[in-house]
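Residue numbers (the working numbering): 7 to 178.
If you want it as structure tokens, here you go:
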């Protein structure tokens, strides 16, 4: 069972305000009454330990705070290329091992990936990126961060990430 609650946004799109369900695989709808879904509001999937995979629509532009907080079984999530913004704590305490951040995301805010203990590799496709302080706080198993473009990295962005290696790739 998957049930979503929607709220109309000012820009003729909808936001998802609430999720109720118990499925291991969750598919977020791309539209509601003919309007695109653009935002996942705070806490949508917070504490849903049963979720193993989330499929996000290509219409999504924003992921709110604590959206995936405590999703301790979440192993697979593909972020759409339409994505522009993460809010603080968006993925805190999630359990995926690898993630690709699309090129439209220019800022990784503080605490976005805090305590993602299973995270091993992250690929950042943005041509100009800013990684804020403590964005990856206590991701102690993070080994590889691949950056495709120019990046401004706060000195404490990877605090308590002893294994991390940052690899800069030329964006082609």
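Ideal placement from N, C-alpha and C gives every residue a C-beta, glycine not left out.
- Under the three-state reduction of DSSP output, residue 134 falls in the strand class.
- Residue 8 has its alpha-carbon roughly 10 angstroms from the corresponding atom of residue 35.
- Residue 21 sits in a strand when the DSSP states are folded into three classes.
- Listed as beta-bridge partners of residue 73 by DSSP are no residues whatsoever.
- A residue is called buried when at least 16 other Cβ atoms come within 10 angstroms of its Cβ; residue 44 meets this threshold and is buried.
- In the same chain as residue 150, and ignoring 5 residues on each side of it, the C-beta atoms closer than 6 angstroms to its own belong to 127, 171, in chain order.
- Between the region 69 to 80 and the region 103 to 110, the count of Cβ pairs shorter than 8 angstroms is below three; the stretches do not touch.
- Secondary structure of residue 45 (DSSP, three-state): strand.
- In the three-state reduction of the DSSP assignment, residue 160 falls in the coil class, being assigned neither a helical nor a strand state.
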